[in-house]
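First up is the structure itself, then whatever we jot down about it.
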Amino acid sequence: MGAATTIAVLRERASGEHRVSATPETVKKFIGLGAAVRVEAGAGVSASISDEAYQAAGAEIVASGAATGADIVLGVQGPEPELLAGAKPGAWVVAGLDPFGKRERVDAYAAAGYEALAMEFMPRITRAQSMDILSSQSNLAGYKAVIVAADIYGRAFPMMMTAAGTVSAAKVFVMGVGVAGLQAIATARRLGGQVSATDVRSATKEQIQSLGAKPIFVENVAGIEGEGAGGYATEMSPEYQAAQAELVSSHIAKQDIVITTALIPGRPAPRLITDAQIATMKPGSVIFDLAVSAGGNVEGSVADQVVEKHGVKIVGYSNTATHLAADASALFSRNLFNFLSAFWDKEQGKPVLDEEIGNAVRLTQGGKVVNERLLG
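The sequence shown begins at 47 in my numbering and counts up one residue at a time.
Dropping the structure here:
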């Protein structure tokens, strides 16, 4: 067996990014596999992890050039190619790489000879669930969306019966029942809200009911299940969209808080709420647009700003999970560890990917872009 595989953990440079791609827990586990781990100084500070905590776990702390000599470089967001200077030829870059939005950076990884592995391309199969960064981060985002909306909303969430009279429960409507939507439903229920939800996939009706919320679904539009490849929602037919818009319009006018979560990978976010629908809502209502970074589900939403339209406050973060940096980092770093450790070859002292998952996440190899989703 040759020298130990060196794993580099970089400090995130993206604006507003507070997460980190490894924690002392995962550093210790990587070292347990026989790897050497190098962490850039200050990498974990904004996620409440000190350099000393990494050192105690066995990592080497370096002030700069963390990627020098690295076999694997970990990131939350894809590092700019210049930060990878000195990494070994063919080094793996393992992070959320935004392959569609940052195509030039992917091309630069290829030109530099790196093997870029996009964690958000992880296939939605049972054995990869523990590696799925989209699920782990969306779970926290769904929770945070409700907490932020509750904070901005100028009234109480639960029904309160007091000597001075009764306070009605907030009516919360969740649009899109994926991982984020399910967590939003559960959180709004825990806070005492009266919760309803909708989705284009009819199979989610039972999930909504199981969380104690009321499903709002278009009936009598046959043959449209809305289930796309890999469990993601797909775009609907014009007939379904019209029926859905009519149903949602009448329902939305009665809501206090609306959480929208609809995303289609590699495409602009579908428009779920129009300005005309916002105008029907009560003054003081709140909408949280979880898809604002992909163009938004809500007409007029602006990333990282509270916009007021027709007396309704519309909010959405460009990076919701980073607002829970410590927990988001813990989950994200476990996703990375679960991925690399599942393929760790003890004899070679490094991970060796199989075809099913390897071909799904690998963007570049041998100086070329090789992923089918980027070659179409």
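All residues carry an ideal CB built from backbone N, CA and C; glycine is no exception.
For residue i, which option in the options has the closest C-alpha, if you only look at C-alpha atoms?
i: residue 201; options: 115, 303 and 186; result: 303
i: residue 364; options: 187, 92 and 295; result: 187
i: residue 248; options: 386, 382, 257 and 262; result: 262
i: residue 463; options: 161, 170 and 89; result: Examination of residue 463 is not possible in this model, given that the chain is present from 47 through 422 alone.
i: residue 240; options: 226, 220 and 251; result: 220
i: residue 414; options: 160, 118, 61 and 298; result: 160
i: residue 138; options: 328, 144 and 130; result: 130
i: residue 382; options: 166, 214 and 341; result: 166
i: residue 234; options: 210, 54, 255 and 203; result: 203
i: residue 411; options: 136, 81, 245 and 380; result: 136
i: residue 69; options: 212, 175, 298 and 377; result: 377
i: residue 335; options: 143, 419, 184 and 140; result: 184
i: residue 60; options: 82, 194, 143 and 53; result: 143
i: residue 405; options: 229, 71 and 420; result: 420
i: residue 213; options: 225, 238, 192 and 385; result: 238
i: residue 107; options: 385, 73 and 226; result: 73
i: residue 110; options: 58, 158, 211 and 79; result: 58
i: residue 320; options: 291, 297, 329 and 301; result: 291
i: residue 80; options: 157, 370, 391 and 284; result: 391
i: residue 192; options: 322, 367 and 164; result: 367
For residue i, is the classification buried or exposed, using 16 other Cβ atoms within 10 angstroms of its Cβ as the cut-off for buried?
i: residue 250; result: buried
i: residue 124; result: buried
i: residue 178; result: buried
i: residue 206; result: exposed
i: residue 398; result: exposed
i: residue 394; result: exposed
i: residue 85; result: buried
i: residue 389; result: exposed
i: residue 175; result: exposed
i: residue 245; result: buried
i: residue 78; result: exposed
i: residue 329; result: exposed
i: residue 182; result: buried
i: residue 208; result: exposed
i: residue 275; result: Here residue 275 scores only 49 on pLDDT, less than 50, and its place in the model should not be relied on; the value that follows carries that caveat. By the neighbour-count rule (16 or more Cβ atoms within 10 Å), residue 275 is not buried but exposed.
i: residue 284; result: exposed
i: residue 147; result: exposed
Grab me the residues of residue i's own chain with a C-beta within less than 7 Å of its C-beta, minus the 5 sequence neighbours each way, in chain order.
i: residue 172; result: none
i: residue 180; result: 166
i: residue 287; result: none
i: residue 372; result: 93 and 94
i: residue 299; result: 326 and 327
i: residue 375; result: 65, 66, 69 and 93
i: residue 229; result: 185, 188 and 189
i: residue 134; result: 115, 116 and 117
Can you name, in chain order, every residue of its own chain whose Cβ lies under 6 Å from the Cβ of residue i, other than the five neighbours on each side?
i: residue 114; result: 132
i: residue 243; result: 220, 223, 231, 254 and 259
i: residue 358; result: 324, 327 and 331
i: residue 422; result: none
i: residue 355; result: 324 and 346
i: residue 396; result: 51
i: residue 54; result: 84, 112, 113, 116 and 119
i: residue 402; result: none
i: residue 154; result: 127
i: residue 301; result: 217 and 219
Only counting the same chain, and skipping five residues up and downstream in sequence, which positions put a Cβ closer than 8 Å to that of residue i?
i: residue 318; result: 221, 222, 294, 306, 308, 343 and 344
i: residue 269; result: Confidence at residue 269 is low in this model, with a pLDDT of 41, below 50, so the placement of that residue should be treated as unreliable; the coordinate-derived value is given next. Once the five neighbours on either side are set aside, residue 269 has no close Cβ partner at all.
i: residue 56; result: 67, 86, 89, 112, 113, 119, 120, 121, 125 and 129
i: residue 75; result: 383 and 387
i: residue 361; result: 194, 195, 198, 332, 333, 334, 335, 347, 351, 352 and 353
i: residue 82; result: 50, 51, 52, 53 and 106
i: residue 71; result: 103, 376, 379 and 380
i: residue 215; result: 203, 204, 205, 238, 239 and 240
Within the present structure, is the beta-carbon of residue i separated from the nearest heavy atom of the ligand ZN by less than 6 Å?
i: residue 124; result: In terms of ligand content, the structure shown is empty, and the ligand ZN therefore cannot be addressed.
Is the stretch 93 to 113 touching the stretch 64 to 72, taking contact as three or more C-beta pairs under 8 Å?
-> yes
If you pair each beta-carbon of the stretch 95 to 110 with each one of the stretch 397 to 415, do three or more pairs fall below 8 Å?
-> no
At a cut of 8 Å, does the stretch 313 to 321 reach the stretch 338 to 355 through at least three beta carbon pairs?
-> yes
Return the chain-ordered ranges of every beta strand (DSSP E) run that is complete within the stretch 78 to 141 and spans a minimum of 3 residues.
-> 82 to 86, 106 to 108 and 118 to 123
Counting only runs that start and end within the stretch 296 to 329, where is the beta strand (DSSP E) found for 3 or more residues in a row?
-> 303 to 306
Fully enclosed by the stretch 174 to 260, which beta strand (DSSP E) runs are 3 residues long or longer?
-> 206 to 208, 211 to 213, 217 to 221 and 240 to 244
Residue ranges of each alpha helix (DSSP H) run of no fewer than 4 residues wholly in the stretch 331 to 398, ordered along the chain?
-> 371 to 388
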